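Asker: Have a look at the structure that comes next, please.
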Amino acid sequence: MGWNSLRQDSPSVAVAEAELAQAPETCVDSRGTRLEDLVSGVAPVWTRHMGLVRSETETAITNLSGRFSAMLQNLRGAANLMPGSADQMMLDHLRESLANLPQALTSLEESKVARELFLAKIEMLGTSVGDLHTLAESVRKLAAQTNLLALNAAIEAARSGEAGKGFAVVAAEVRELSKLSAETGAEIRRKVDAFAASVQTAIVTAGDLTRKEQALLGQAERTVAVTLEEFERRTKDAEIRISGIRSTGIEVAQAIEQVLVDLQFQDRVSQILANVENDTRRLAVAIAQDDLPDTAAWLSRLEAGYTTSEQEQAHAGTANSVNESSSVTFF
Amino acid sequence: MPKTILVVDDSTSFRQVVGMALQGAGYEVVEACDGRDALSKLDGRKFHLIVSDVNMPNMDGISFAKAAKELPAYKFTPIVMLTTVSGDDMKAQGKAAGVRAWVVKPFQPPVLLDAVAKLVLP
């Protein structure tokens, strides 16, 4: 309820004031009596109205400050407005985890290089197989020459007649040995050929695997790069949004804090009203008891009850009170 | 472990404002609605500081400060007056009662917090 409505609610005051103004000046006693009656009747109403104002203001401001305090508490709790909040920490963790992905690909790359080295060793083995093949061929040629030599020896033994019979037996044995050597050489060559074919197959297969692996690795690297780029973009968007929400939250919290600070006016208003209320009550009692002190004494007593500098200034009639907001004195 | 501050004021809304400022700075707040209520809360629990109004029903702030200082457990608990009263004579009474600082309402939270930080017990 505002002051204007309070005044409108008190028609008896206006009526009384009008009656007083119209009263003949010569009727001093009568006018004094009427004034006493007026004040006795009106002062309690003023007192009650002032009490009403104080009470309603106090209730309204208490409710307001309670709601604002709750809003502030919710804002502080929900937004968790400090840097390093849960949202930021989650984004940092995600970024850290994704940053490990290229490292995993590097490990795969290192593994691929190791396999390539292994493949080179196998290829060297293929070269050695070629050497073995040459050796087998040498064995075959030696066997053929030995056989030819043994054949010539048998012919010469036959020409020698009875004296060459023993030598003919030796030549036959040598031919048999050369035949066995030729078979062994051929067997070695077959085995070496088979081994060479296996090595070649292994080399081709390993080469195919390496190429496929290389292609997969390249694809994985591209996928990781795209994913990281996308994540970074989305993270930056999220950070901008979070930062915006945080800034707005801080601004709203600061505004609410200032509202709560501004609501302190109620305490001062309440004290000023209480002082006037008490004085009005005192006036009514004094009139009822026909015990009116002089004006100076009354004002002095009124002034003694002031608690704010604004009251002092209002009492002295100096406008534009300047309160002593937030002044601190240490003892 | 947050430090605990006893806030004494007969205005509910004002206690909320002071509580908002102190809790925002990490203090725990216990409220009392006048000097008598505050005195009943000095029951042995630890308060690192007391913030009190002066003009209150039942027991005013100066009387409360005097009574608190007579309790051995609270003899050294700093008391800050937070009041609309700004007269030197009242400040002198506060000083005589053992009050350590006098802050005039309306207050700006940083000013009160600065005074509290300077005086609060470890």
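Protein chains in written order, with the working numbering: chain G, 1 to 331; chain Z, 332 to 453.
Glycine is no exception: its CB is placed at the ideal position from the N, C-alpha and C atoms.
Predicted model only: the values in this text are computed from it and were never measured.
From the beta carbon of residue 386(Z), is the nearest beta carbon of chain G less than 8 Å away?
Answerer: With 8 Å as the cut-off, residue 386(Z) counts as an interface residue toward chain G.
Asker: For residue 170(G), does the count of other Cβ atoms within 10 angstroms reach 16, so buried, or fall short, so exposed?
Answerer: By the neighbour-count rule (16 or more Cβ atoms within 10 Å), residue 170(G) is not buried but exposed.
Asker: At 7 Å on the CB atoms, spell out the chain G contacts of residue 397(Z), in chain order.
Answerer: The premise fails here: residue 397(Z) is roughly 14 Å from chain G at the closest Cβ pair, so nothing lies under 7 Å.
Asker: Counting contacts by CB-CB distance shorter than 8 Å, is residue 464(Z) in contact with chain G?
Answerer: Residue 464(Z) falls outside the range modelled here, since chain Z spans only 332 to 453, and no answer is possible.
Asker: Could you name the residues of chain Z that residue 329(G) contacts, counting a contact when the two beta carbons are closer than 7 Å?
Answerer: Result: 422, 432 and 433.
Asker: Look up residue 81(G) in the DSSP assignment and say whether it is helix, strand or coil.
Answerer: Any reading at residue 81(G) needs caution, since the residue's pLDDT is 49, under 50, leaving its predicted position unreliable; the model's value is listed next. Residue 81(G): coil per DSSP, three-state reduction.
Asker: Indicate whether the contact test is met: 3 or more Cβ pairs, each with one atom in the segment 348-356 of chain Z and one in the segment 364-374 of chain Z, closer than 8 Å.
Answerer: No, the segment 348-356 of chain Z does not touch the segment 364-374 of chain Z.
Asker: Using only CA atoms, which one of 361(Z), 344(Z), 377(Z) and 392(Z) lies nearest to residue 425(Z)?
Answerer: When only C-alpha atoms are compared, the closest one is 392(Z).
Asker: Could you name the residues of the segment 259-271 of chain G whose beta carbon sits closer than 9 Å to any beta carbon of chain Z, in the order they occur along the chain?
Answerer: Residues passing the 9 Å Cβ filter: 260, 261, 262, 263, 264, 265, 266, 267, 268, 270 and 271.
Asker: Return yes when the Cβ of residue 185(G) is within less than 8 Å of the Cβ of residue 372(G), no when it is not.
Answerer: This structure leaves residue 372(G) out entirely; chain G is present only between 1 and 331.
Asker: Quick one: which chain Z residues come within Cβ less than 7 Å of residue 239(G)?
Answerer: Under the 7 Å cutoff, chain Z gives no residues; its nearest Cβ is about 26 Å from residue 239(G).
Asker: Which word fits residue 162(G), buried or exposed, when buried means at least 16 other C-beta atoms lie within 10 angstroms of its C-beta?
Answerer: Looking at its Cβ environment, which holds fewer than 16 other Cβ atoms inside 10 Å, residue 162(G) is exposed.
Asker: Just to confirm, does residue 369(Z) get its C-beta within under 7 Å of one of the non-hydrogen atoms of the ligand FMN?
Answerer: Questions concerning the ligand FMN fall outside what the structure shown contains, since it holds no ligand whatsoever.
Asker: Rounded to whole angstroms, what is the Cα-Cα separation between residue 236(G) and residue 330(G)?
Answerer: So the alpha carbons of these two residues sit roughly 49 Å apart.
Asker: Check whether the Cβ of residue 400(Z) lies closer than 8 Å to any Cβ atom in chain G.
Answerer: So no, residue 400(Z) is outside the interface.
Asker: Does residue 408(Z) get closer than 8 Å to chain G when you measure Cβ to Cβ?
Answerer: No, because no Cβ of chain G sits closer than 8 Å to the Cβ of residue 408(Z).
Asker: Would you check if the segment 260-280 of chain G and the segment 56-74 of chain G touch, i.e. whether three or more CB-CB distances between them fall below 8 Å?
Answerer: Yes, they touch.
Asker: According to the Cβ coordinates, are residue 452(Z) and residue 411(Z) closer than 8 Å?
Answerer: Contact flag unset, no.
Asker: Relative to the C-alpha of residue 249(G), which candidate in 72(G), 117(G), 281(G) and 206(G) has its C-alpha closest?
Answerer: The shortest C-alpha separation from residue 249(G) is found at 72(G).
Asker: Candidates 427(Z), 358(Z) and 395(Z): which alpha carbon is nearest residue 365(Z)'s?
Answerer: The option with the nearest alpha carbon to residue 365(Z) is 395(Z).
Asker: So what does DSSP say about residue 65(G), is it helix, strand or coil?
Answerer: Three-state result, residue 65(G): helix.
Asker: So which of 437(Z), 363(Z), 420(Z) and 421(Z) has the shortest CA-CA distance to residue 340(Z)?
Answerer: The residue with the shortest Cα to Cα distance from residue 340(Z) is 363(Z).
Asker: Since residue 96(G) meets chain Z, which of its residues come closer than 8 Å, beta carbon to beta carbon?
Answerer: Residues of chain Z passing the Cβ test: none, with the nearest at roughly 30 Å.
Asker: Give the interface partners of residue 72(G) over in chain Z, defined as CB-CB distance under 7 Å, in chain order.
Answerer: The answer, in chain order, is 351.
Asker: Just to confirm the assignment: which complete alpha helix (DSSP H) runs, minimum length 4, are found wholly within the segment 423-450 of chain Z?
Answerer: Complete alpha helix (DSSP H) runs here, min 4: 440-450.
Asker: Using the Cα positions of residue 45(G) and residue 53(G), report the straight-line distance between them to the nearest angstrom.
Answerer: Those two C-alpha atoms are separated by around 12 Å.
Asker: Whole angstroms are fine: how far does the CA of residue 195(G) sit from the CA of residue 112(G)?
Answerer: The straight-line gap from Cα to Cα measures roughly 26 Å.
Asker: Using a 10 Å radius around the Cβ and a threshold of 16 neighbouring Cβ atoms, would you call residue 225(G) buried or exposed?
Answerer: When all chains shown are included, residue 225(G) counts as exposed.
Asker: Would residue 437(Z) be called buried (16 or more neighbouring beta carbons within 10 Å of its own) or exposed?
Answerer: By the neighbour-count rule (16 or more Cβ atoms within 10 Å), residue 437(Z) is buried.
Asker: Could you have a look at residue 330(G) and say whether DSSP puts it in helix, strand or coil?
Answerer: Correct three-state label for residue 330(G): strand.
Asker: Identify the continuous alpha helix (DSSP H) that holds residue 251(G) and give its terminal residues.
Answerer: First-last of the alpha helix (DSSP H) with residue 251(G): 165-262.
Asker: Given a threshold of 16 other Cβ atoms within 10 Å of its Cβ, counted over all protein chains shown, does residue 277(G) qualify as buried or as exposed?
Answerer: Counting Cβ neighbours within 10 Å, residue 277(G) comes out buried, since at least 16 surround it.
Asker: By the 7 Å beta-carbon criterion, what residues does the segment 60-71 of chain G contribute toward chain Z?
Answerer: Under the 7 Å Cβ criterion, the segment 60-71 of chain G contributes 61, 62, 65, 66 and 69.
Asker: Which residues in chain G sit within 9 Å of residue 446(Z), going by Cβ to Cβ distance?
Answerer: Those are 328 and 330, listed as they occur along chain G.
Asker: Quick check: the segment 216-223 of chain G against the segment 102-111 of chain G, are at least 3 beta-carbon pairs closer than 8 Å?
Answerer: Contact between the segment 102-111 of chain G and the segment 216-223 of chain G is present, because at least three Cβ pairs lie under 8 Å.
Asker: When you compare each of 280(G), 285(G), 289(G) and 274(G) to residue 308(G) by their alpha carbons, which one comes out closest?
Answerer: Nearest option by C-alpha distance: 274(G).
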